[in-house]
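Here the structure comes first, spelled out in structure tokens, and everything after it is commentary.
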Amino acid sequence: MKPFSRFIISHFEWDKSTLEAKFHYAFDDQEHFSETINFSPLKNTSDFPLINQNTEAIHQLLSHLHIALGVSYYKLYPTAEIIVETIPLSDAMKDFWHNFYIKGLGEFFYRNQINPTGLAQFLSTENRQENIASALEYSAEKVLILFGGGKDSLVSVELTKQKNLSFDLFSFGKEYPLHQLAQEPTGAKRLIIQRTLDLPQIQKLLAEGYYNGHLPITGIICFVTAVVSYLYGYKSVITSLEKSADFGNTEYHGLNINHQRSKSSEFEESFRNYAQTYLLKNFECKSLIRNRYEIKVVQEFSKYPQYFHAFSSCNRNFHITTCTKLTGDQLRCGECPKCAFVYTMLRAFIEKSEVNDIFGADLFEKVDLIPLFKELLGIEGIKPFECVGTNEEMTLALWIISKKEKKSDSPIMKLFEEKVKSRMTDSDFDLLEKKLLGK
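Positions 545 to 983 (our numbering) are the ones given, in order, by the sequence shown.
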């Protein structure tokens, strides 16, 4: 693995006839990368008319997105310096992007045992501060809901319907069968924007021993939605990020390692401030479920049976490699931390037989999942690196299940009874219920 001294965010191109943007990056002007995003809707183009088309404004928005997308390539070999050749950066902007990369790649640093100290120092080849453009005025009225086919975004759909707001759904990256399956019961239109990573070049460097790992994809998508909102006239973008995303996994070199960092309230607030300063005036990117713990979101989701067999929170729906991705009509692997967590949450509020039908199995009967449940309950290890709630939420859900289903001889319920419930009082559980469910 050959070392590099700096990562370069070099230039981008915009084709106004095709609505395609191409972004370019390099390590030391030796290894080069190019990726494209086609901002023309993948399907049903007539449903999404262009509202704003000023080329200068689009270039301004793309210049910030360019930096966000770069994290996908930077992580191959994190360098001390990141050179931005497209726009000047104020100290506040450098600060934002340093945190975007360092905190967003926290899990990546931890898993690869890379000390993040001194990395991702942003510099710009354009130093004239007076050339920093302020946020744009734009014509916008509509609401856009980020949509991945999970329970959280479906709850956001129902909450938006309750407000009598018209809205569209938004999916980014590529089209997956889950998206269409979950979209159908909503009755909403969905705007699909495609991203094409430079996979050949990424795979070349991975084969040479360079690094790989988790990145802040939600943060990237937030910057994509700013461009989409300008082009198609959306004033509000609704994410579906809950309070549980604020709780990290561990500490490493003084850094709070949070798998869900770009889903946290800290990032939501910092992005809002950045967007309204440098991207779009009055642009809103917010979560309707921010003040709810995940268990509360699932309680809300349990009111909508039309989605029970149309949703999935299992990330193996989006895996590329054949050894881990789901096959056929399978929506859930029944083995990962998210499946174990969501199964438990659902079983607290939905009948056992229904939940088993959704997952195709009783996960509490799987002895091989005991180590995973120990992590989710905080008995051993650290919280899994997945979008799961806290061990308090697991504890409360299993307590609700134990009351509802009475005696259970399953390995997971036995684990809960022996290692958790036996050490707590009814008063402890009542306090948890009040804290997490507001009762």
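Heads up, the beta-carbon is just placed ideally off N, CA and C, and yes, glycines get one too.
When C-beta atoms of the region 625-635 are compared with those of the region 737-755, fewer than three pairs fall below 8 Å, so the two segments do not count as touching. By the Cβ neighbour-count rule, residue 790 is buried, with 16 or more other Cβ atoms within 10 Å of its own. With 16 or more other CB atoms across the displayed protein chains lying within 10 angstroms of its CB, residue 760 is buried. If the five residues before and after residue 786 are omitted, its C-beta is found closer than 6 Å to the C-beta atoms of 833, 836, 838, 841, all from its own chain and listed in chain order. Measuring C-alpha to C-alpha distances from residue 778 to each of 643, 793, 828, 941 identifies 828 as the nearest. Look at residue 800 here: in three-state DSSP terms it is strand. Residue 906 carries a coil assignment under DSSP once its states are collapsed to helix, strand and coil. When the five nearest sequence neighbours on each side are left out, the beta carbons in the same chain lying within less than 8 Å of the beta carbon of residue 965 are those of 942, 943, 946, in order along the chain.
Inclusion of residue 735 and residue 712 in the CB contact set at 7 Å is warranted, their separation being smaller than that value.
Residue 783 and residue 733 have their C-alpha atoms roughly 17 Å apart. Burial is judged here by how many other beta carbons sit within 10 angstroms of a residue's own beta carbon; residue 972 has fewer than 16 and is exposed. About 6 Å separates the beta carbons of residue 619 and residue 652, which is inside the 8 Å limit, making them a contact pair. Scanning the region 617-694 for uninterrupted beta strand (DSSP E) segments of 3 residues or longer gives 625-628, 665-668, 686-690, listed from N- to C-terminal end.
Listed in chain order, the non-local C-beta contacts of residue 547 below 8 Å within the same chain comprise 621, local neighbours out to five positions each way being set aside. For residue 612, no beta strand (DSSP E) run applies; the uninterrupted alpha helix (DSSP H) run containing it begins and ends at 599-613, by DSSP. Of the other Cβ atoms in all chains shown, 16 or more fall within 10 Å of the Cβ of residue 684; this residue is therefore buried. Beta-carbon to beta-carbon, residue 680 and residue 825 are separated by about 7 Å, close enough to satisfy the 8 Å threshold.
Counted as a single uninterrupted DSSP element, the alpha helix (DSSP H) harbouring residue 763 occupies residues 761-776. Sequence-distant partners of residue 920 (beyond 5 residues in either direction) whose C-beta falls short of 8 Å from its own C-beta, in its chain, are 881, 884, 885, 888, 927, 928, 932, 935, 938. With respect to the 7 Å criterion, residue 857 and residue 718 are not classified as neighbours on the basis of their beta carbons. Secondary structure of residue 948 (DSSP, three-state): helix. Of 953, 612, 781, 774, the smallest CA-CA separation from residue 595 is found for 774.
C-alpha of residue 940 to C-alpha of residue 975: approximately 10 Å in a straight line.
Assigned with DSSP and collapsed to three states, residue 712 falls in strand. Residue burial annotation: residue 968 is exposed, with fewer than 16 other C-beta atoms found within 10 angstroms of its C-beta. A residue is called buried when at least 16 other Cβ atoms come within 10 angstroms of its Cβ; residue 924 does not meet this threshold and is exposed. Residue nearest to residue 605 within the set 820, 570, 905, 692 is 820 (criterion: CA-CA distance). Following the DSSP letters along the chain, one finds residue 567 in no alpha helix (DSSP H) but inside the beta strand (DSSP E) bounded by residues 564-571.
Annotated three-state conformation of residue 917 is helix, per DSSP.
Apart from the 5 residues on each side of it in sequence, residue 960 sits with its Cβ closer than 6 Å to the Cβ of 942 in its chain, given in chain order. In this chain, the beta strand (DSSP E) harbouring residue 582 covers 575-582.
Fully contained in the region 782-827 are the following beta strand (DSSP E) runs of length 3 or more, in chain order: 794-796, 799-801. The continuous beta strand (DSSP E) containing residue 555 extends over residues 550-559.
Cβ-Cβ distances below 8 Å link residue 830 to 780, 781, 782, 783, 812, 816 in the same chain, with the five nearest sequence neighbours on each side left out; the list follows chain order. Taking one beta carbon from each stretch, the region 912-919 and the region 890-901 have fewer than 3 pairs nearer than 8 Å; the two do not touch. If you look at residue 891, you'll find it in the alpha helix (DSSP H) that goes 881-893.
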